[in-house]
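Worksheet for the structure shown next.
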């Protein structure tokens, strides 16, 4: 006879109660934020509509949603002047088009940033806006101006809503190893980079990892992408709980990887909710993805690493005082994100995060988490430090694949 305490009905109620606890925790631990800025229009949507009606010297323009390889073939047929014409006319399309030449994307996004900066500057004096609205416009004006700085390689930019941005560090066109930093909840254009607590923002994470990779393998041809080019959840809405932002983000992540130039190997470094994005993306990622690293993770929407259905090595880590460990790891009826990636049952390669502090301290210089990320990023697997203190996390990897 089954006792009442272990009945399926009671267990389901307990699970739902645990999820309710998760919501309360997220509301009080920095996962939520109010986004004040609401664009009066969506300039990229308008540009895409114009692109769909446009042409170049009598030729129709291809569907902007085509696979990166198809778009790359289209751009290969254009002259330099034709490419520049498209940058001038459709910067928000070309700048976000996986498959377009890198230098063209960088120029297009610089142009799109200049246009967005001009628009925000005019909003700072708009009497129809509230004081808060004008202050937000001022912050966006300054942020866009910063992103236009000399030498910055902006791979993607969309000013609509809270904004999406991706930036490259290193020579992406020549890189043999590419690391992609996938950030978590409440990532926006406004906090894409920070002066204070710099290593908690995507730019700080990426620059720290790039420096560590160069130190780990000075001769390696590497590049790092700070990829905030998906709309991260910002509140307690059901979309985040059922993983809708992760589903949308996974499609964008797959398109990014498919559109990277050359035959580079790719490592994904997936923080917090970013690990949910990587988990959803995993089954569709191309073989060039060699590693998926989940850290500070609430789960990857699977019960074990095998369910990710990927040929990539799956790594995980969590520091001892990361509050995420107190979130119940479960999934009930599509709610929640599944098992704990650092648990033995999950089956990931668990590496040390010694020295990291809190939920956002994994990229601080001097931490073992950063050192391990760098070794994975350059393919020097034999020097990765396992959380167990032995070589268990390196099992089955023969030597190094450093470039």
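In this note's numbering, the protein residues as written are -14 to 388.
From the three backbone atoms N, C-alpha and C, an ideal C-beta is built for every residue, glycine too.
Every value quoted in this text rests on a predicted model; they were computed, and no experiment measured them.
So for residue i, helix, strand or coil by DSSP?
i, result
"residue 276", "strand"
"residue 256", "strand"
"residue 302", "strand"
"residue 16", "Low per-residue confidence applies at residue 16: pLDDT is 40, beneath 50, and the placement is therefore not dependable, though the value from the model is reported in the following sentence. In this structure, residue 16 counts as coil in the three-state DSSP scheme."
"residue 177", "coil"
"residue 220", "Because the pLDDT at residue 220 is just 49, under 50, the model does not fix this residue reliably, and the point stays unresolved."
"residue 33", "helix"
"residue 83", "strand"
"residue 140", "strand"
"residue 209", "strand"
"residue 7", "In this prediction, residue 7 scores a pLDDT of 47, lower than 50, which makes its location untrustworthy; no coordinate-derived value is stated."
"residue 330", "coil"
"residue 368", "helix"
"residue 361", "helix"
"residue 167", "strand"
"residue 151", "strand"
"residue 44", "strand"
"residue 161", "coil"
"residue 264", "helix"
"residue 374", "coil"
"residue 342", "coil"
Rounded to the nearest angstrom, what separates residue i and residue j at their Cα positions?
i, j, result
"residue 36", "residue 156", "29 Å"
"residue 213", "residue 338", "23 Å"
"residue 121", "residue 216", "19 Å"
"residue 277", "residue 168", "13 Å"
"residue 235", "residue 301", "19 Å"
"residue 310", "residue 370", "21 Å"
"residue 128", "residue 117", "16 Å"
"residue 81", "residue 191", "20 Å"
"residue 262", "residue 275", "17 Å"
"residue 114", "residue 143", "22 Å"
"residue 163", "residue 349", "20 Å"
"residue 29", "residue 76", "9 Å"
"residue 411", "residue 299", "In the structure as shown, the chain starts at -14 and stops at 388, and residue 411 therefore has no counterpart that could be examined."
"residue 38", "residue 266", "32 Å"
"residue 377", "residue 296", "19 Å"
"residue 134", "residue 69", "21 Å"
"residue 193", "residue 137", "16 Å"
"residue 99", "residue 281", "35 Å"
"residue 312", "residue 132", "35 Å"
"residue 34", "residue 40", "12 Å"
What does a CB cutoff of less than 7 Å around residue i pick up in its chain, not counting 5 residues either side in sequence?
i, result
"residue 72", "79, 89, 92, 93, 96"
"residue 59", "47"
"residue 237", "214, 215"
"residue 85", "56, 60, 79"
"residue 240", "53, 83"
"residue 244", "53, 83, 84"
"residue 87", "157, 158, 246"
Within 10 Å of its beta-carbon, does residue i have 16 or more other beta-carbons around it, so buried, or fewer, so exposed?
i, result
"residue 66", "exposed"
"residue 102", "buried"
"residue 307", "buried"
"residue 242", "buried"
"residue 181", "exposed"
"residue 328", "exposed"
"residue 159", "exposed"
"residue 141", "buried"
"residue 198", "buried"
"residue 110", "exposed"
"residue 208", "buried"
"residue 248", "exposed"
"residue 105", "buried"
"residue 325", "buried"
"residue 365", "buried"
"residue 44", "exposed"
CB-CB under 8 Å to residue i, same chain, minus the five flanking residues each way: which ones, in chain order?
i, result
"residue 323", "264, 284, 285, 286, 287, 288, 314, 315, 316"
"residue 42", "67"
"residue 124", "175"
Chain C beta carbons: is any one of them nearer than 8 Å to that of residue i?
i, result
"residue 61", "No chain C appears in the structure shown, which is made up of a single protein chain."
Does at least one heavy atom of the ligand HEM sit under 7 Å from the Cβ of residue i?
i, result
"residue 304", "Although the ligand HEM was asked about, the structure shown includes no ligands whatsoever."
Excluding the 5 residues preceding and the 5 following residue i in the sequence, name in chain order all residues of the same chain whose CB lies nearer than 6 Å to its CB.
i, result
"residue 294", "268"
"residue 352", "340, 341"
"residue 304", "338, 341"
"residue 13", "With a pLDDT of only 37 at residue 13, under the threshold of 50, the placement of this residue in the model should not be trusted; the figure read from the coordinates follows. If we look at residue 13 and ignore the five residues flanking it on each side, it has no Cβ neighbours."
"residue 22", "Note that residue 22 scores 45 on pLDDT, short of 50, meaning its location in the model is unreliable; the coordinates nonetheless yield the value given after this. Hits under 6 Å: 121."
"residue 165", "210, 212, 253"
"residue 259", "167, 168, 169"
"residue 130", "102"
Self-check item: Touching by the beta-carbon criterion (3+ pairs, under 8 Å), the stretch 177 to 193 and the stretch 228 to 238
Solution: Using a C-beta cut-off of 8 Å, the stretch 177 to 193 makes no contact with the stretch 228 to 238, since fewer than three inter-stretch Cβ pairs fall below that distance.
Quiz item: Taking contact to mean at least 3 C-beta pairs separated by less than 8 Å, is the stretch 168 to 184 in contact with the stretch 325 to 340?
Solution: Contact fails: fewer than three Cβ-Cβ distances are below 8 Å.
Practice problem: Evaluate contact between the stretch 39 to 59 and the stretch 198 to 206, counting only Cβ atoms and requiring at least three cross-stretch pairs below 8 Å. | Solution: The stretch 198 to 206 and the stretch 39 to 59 do not touch, with fewer than three beta-carbon pairs separated by less than 8 Å.
Self-check item: the stretch 354 to 370 / the stretch 240 to 257 touching (three or more Cβ pairs under 8 Å)
Solution: The stretch 354 to 370 is in contact with the stretch 240 to 257.
Quiz item: Is it true that the stretch 142 to 149 meets the stretch 162 to 175, where meeting means three or more beta-carbon pairs spaced less than 8 Å apart?
Solution: yes
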